[in-house]
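Report on the structure given below.
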Amino acid sequence: MHGVAVDPLVTNLTVFILAIFVGYHVVWNVTPALHTPLMSVTNAISSVIVVGAILASGGGPLDLSAILGAIAVAVVAVNTIGGFAVTERMLEMFRKKDPKGKK
Amino acid sequence: MTLSPNAVALLYLVASVFFILALRGLSHPETARQGNRFGIIGMLIAVLTTFAVINRLDLAVGALVVGGAIGWVVAKRVEMTQMPELVAAMHSLVGLAAVLIAAAVVNSPASFGVGSPIPAGNRIELFIGTFVGAVTFSGSIIAFGKLAGLGKISRLFSSAPVVYRAQHQINLVLFLVMMGYGWGFVIASPDGQWPPFLVMTGIAFVLGVLSIISIGGADMPVVISMLNSYSGWAASGIGFSLNNPLLIVAGALVGSSGAILSYIMCKAMNRSFFSVILGGFGAAEGAATGTAEQRSVRSGSPDDVAFLLGNAESVLIVPGYGLAVARAQHAVKEMAHKLSRKGVRVRYAIHPVAGRMPGHMNVLLAEAEVPYDQVLEMEDVNSDFGTTDIAFVLGANDVVNPLADTPGSPIYGMPILEAHKARTVIVNKRSMASGYAGIDNPLFYMDKTMMVFGDAKKVVEDIVKAIE
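Going down the list, the protein sequences come from chains H and P. 21 is the number that the working numbering gives to position 29 of the first sequence; each next residue is one higher, with no gaps. 575 is the number that the working numbering gives to position 268 of the second sequence; each next residue is one higher, with no gaps.
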């Protein structure tokens, strides 16, 4: 066994499966009242795919890949910024109202 | 600036942890905003780290500014009633990005540290990422159109399911053909890899369209959750192709989150996941049933309702889809406010599928400045109906149908809000048309029930005027 590297696929699969379990347990704890913000924030989080797009846009020479990458960055940056911003806006509404507002 | 591969990997790990903390924060409204901040920090770490390892920044930064500005404006302007459309549109963008990135890898694998020619294993991962991304993209566009009510522009966006002959067989054949081209891409030589890749992607786009057009408007809460899940799996798929654990982790978190939401929505609608996916159901409301026997209902005016509410000690408001459509939430808040000044205890009972996406009604009420501690979930509130003077049902139907307790009923087993247990029930609806399940609702014919017909907003505004 010594000297034989583990295929990256196996490492990736390990990470993937464990992350599914983490996601499963964390998300069941989310209160149903916040399921819409949950969806918008997961949307923003899935836009981390922007990392791949940035690599494509600037990882190599200025070729077709760089152009495709730049388009992908622009497309998904809408989520990256918009997803977190709209979640923030929604959660702002869920703040506890101050007592004098309640009467 | 140069970062060693190990430093990059560790920073990505930190970002992953922040994403997990972001989801964790949403377990309570008090901690939710902090959770969102964690998400932002995670994203900043991820993006800045990636900036540090690339050769040219101009394209990435420029594109980020353009897309980010659009996202910012949209996020600030969108109405809360439009959240389902916005979320669907955003899912489609993640899907599109996945396809574009995969194409970029196919074009020059070396820029991503992927071997050239691309090893078969990476090609399989690219194929999966592209396929899921493409289905997410086109499927979400259809879902967006349906949610935004674009049915007039194209029949593809009609909220009624588009059904055609042998649709399952056609979809299956297309899927198999796509798999065939996918395999062709996996075994292709570097010179011949584009044709199978492009054909495979094209078929996946078509499949995304076909799989969502056959799903009816009423099933949209499931569809939108499902596409949420797909967008996560697409990100994971790209993460596998790029050997990037951050994308894999974030994608898996999103994927499982969407899957859980789909499950919750299916359960709340008493539908099996497969019957939703296979589609053809969820037709527009009031579709069928000639069974509505002529039974008498007691109907009242907004003045009557105002009188009853004013003399009650406790009121539970059950808001439904009809309230969201009529945008009556602000009027309802006003009514509740007036009532509580008269000493009436007003609270809200929320069914998981009230609204057009998971948790949508909670957001609409929060926007109308209803304090969240007055808004109760189904499990917590059901035992309270028996001791409540008035259950006021606004634009909800199936979710308060007591037939759910009757074996043999089409909605048997569906979890409902037990409004029928309240001492008096007031129901606002536009007409006696049946709900999406297409069955009659005995609640409307009970002796203690009063029906108030009319648009929810108009009715509630009249009630507000009549109180005092």
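Every residue, glycine too, gets a C-beta built ideally from N, C-alpha and C.
Apart from the five residues just before and just after H:VAL42, which ones in its own chain have a Cβ nearer than 7 Å to its Cβ?
-> VAL65, VAL68, ALA69, THR72
Closest by C-alpha distance to P:ILE604, when choosing among P:SER579, P:PHE580, P:MET753, P:PRO722 | According to the sequence provided, residue 604 of chain P is Val. The question's Ile does not apply to it. For the residues P:SER579, P:PHE580, P:MET753, P:PRO722, the minimum Cα distance to P:VAL604 belongs to P:MET753.
Near P:VAL354, what residues of its chain come up, given a Cβ to Cβ distance below 6 Å and the 5 sequence neighbours on each side ignored?
-> Nothing listed; no residue qualifies.
Examine chain H for any beta-carbon lying closer than 8 Å to the beta-carbon of P:GLU684, and answer yes or no.
-> yes
Using a Cβ-Cβ cut-off of less than 7 Å, give me the residues of the stretch -3 to 19 of chain H that come near chain P, in sequence order.
-> Under the 7 Å Cβ criterion, the stretch -3 to 19 of chain H contributes PRO0, LEU1, ASN4, VAL7, PHE8, ALA11, ILE12, VAL14, GLY15, TYR16, VAL18, VAL19.
Note down, in chain order, each residue of its chain lying with its Cβ closer than 7 Å to the Cβ of P:GLU684, except the 5 sequence neighbours on either side.
-> ILE657
With 7 Å as the limit, tell me which residues of the stretch 537 to 556 of chain P have their beta carbon closer than that to any beta carbon of chain H; keep them in chain order.
-> SER538, GLY539, ALA542, SER543, ILE545, PHE547, LEU549, ASN550, ASN551, PRO552, LEU553, LEU554, ILE555, VAL556
Beta-bridge pairing of P:VAL759 - partner residues as DSSP gives them = P:ASN735
Helix or strand or just coil, what does DSSP make of P:ARG462?
-> helix
Length at least 4, wholly inside the stretch 633 to 665 of chain P: the alpha helix (DSSP H) runs in chain order = 636 to 648
Residues of chain H with a CB under 7 Å from the CB of P:ILE347: which are they?
-> Ordered by position in chain H, the residues that pass the 7 Å Cβ test against P:ILE347 are PHE76.
Buried or exposed: H:TRP20, going by 16 or more other Cβ atoms within 10 Å of its Cβ?
-> exposed
The stretch 477 to 495 of chain P / the stretch 445 to 465 of chain P touching (three or more Cβ pairs under 8 Å) = no
Can you tell me whether DSSP reads P:SER423 as helix, strand or coil?
-> Coil at P:SER423, not helix or strand.
For P:GLY597, which of helix, strand or coil comes out of DSSP?
-> Note that P:GLY597 scores a pLDDT of 41, beneath 50, so its modelled location is shaky and nothing firm can be said.
Would you identify the three-state DSSP class for P:PRO432, choosing helix, strand or coil?
-> Residue 432 of chain P is actually Glu in this sequence, not Pro. Looking at P:GLU432 - three-state DSSP - the assignment turns out to be helix.
DSSP three-state assignment for P:GLU684, whether helix, strand or coil | In this structure, P:GLU684 counts as strand in the three-state DSSP scheme.
Whole angstroms is fine: what's the gap from P:HIS335's alpha carbon to H:LEU26's?
-> P:HIS335 and H:LEU26: Cα-Cα distance of roughly 8 Å.
Hey, P:ALA673 and H:PHE76: beta-carbon distance below 8 Å or not?
-> no
Kindly list, in the order they appear in chain H, the residues whose Cβ is closer than 9 Å to that of P:GLU674.
-> MET82, MET85, listed in chain order.
Is H:SER57 near P:VAL401, with beta carbons less than 8 Å apart?
-> No, they are not a contact pair.
Presumed contact (8 Å Cβ cut-off) between P:VAL406 and P:VAL412, rounded CB distance | About 11 Å separates the two Cβ atoms, so there is no contact after all.
Taking all protein chains shown into account, do 16 or more other C-beta atoms lie within 10 angstroms of the C-beta of P:PHE581, making it buried, or fewer, making it exposed?
-> exposed
Mapping DSSP to helix, strand and coil, what is P:PRO722?
-> coil
Examine chain H for any beta-carbon lying closer than 8 Å to the beta-carbon of P:GLY702, and answer yes or no.
-> no
Tell me the DSSP bridge mates of P:ILE697?
-> P:VAL622, P:THR731
Spatial neighbours of P:SER465 in its chain, beta-carbon cut-off 6 Å, leaving aside the 5 residues before and after = GLY458
Within 8 Å, strictly: CB atoms of P:PHE326 and P:GLY346 = yes
To which residues of the same chain is P:ILE520 closer than 6 Å at the C-beta, ignoring the five residues directly before and after it?
-> ILE449, LEU463, VAL469
Taking the C-alpha atoms as reference points, what is the distance between P:THR598 and P:ASN618?
-> Note that P:THR598 scores 46 on pLDDT, short of 50, meaning its location in the model is unreliable; the coordinates nonetheless yield the value given after this. Distance between the alpha carbons of P:THR598 and P:ASN618 is about 37 Å.
Using a C-beta cutoff of 8 Å, does P:GLY446 count as contacting chain H?
-> no
Three CB pairs or more closer than 8 Å across the stretch 707 to 714 of chain P and the stretch 662 to 676 of chain P = Fewer than three beta-carbon pairs drawn from the stretch 707 to 714 of chain P and the stretch 662 to 676 of chain P are found closer than 8 Å, and the two stretches are therefore not classed as touching.
Can you list, in chain order, the residues of the stretch 360 to 380 of chain P whose Cβ is nearer than 7 Å to any Cβ on chain A?
-> The displayed structure is made up of protein chains H and P, and chain A is not among them.
Does P:GLY428 have its Cβ less than 8 Å from a Cβ in chain H?
-> Interface annotation, P:GLY428: in contact with chain H, CB-CB separation under 8 Å.
How close, in whole Å, do the beta carbons of P:SER323 and P:ALA541 come, if the pair is a contact with beta carbons under 8 Å?
-> So it is not a contact: roughly 17 Å between Cβ atoms.
Determine, using beta carbons only, whether P:ILE425 comes closer than 8 Å to chain H.
-> no
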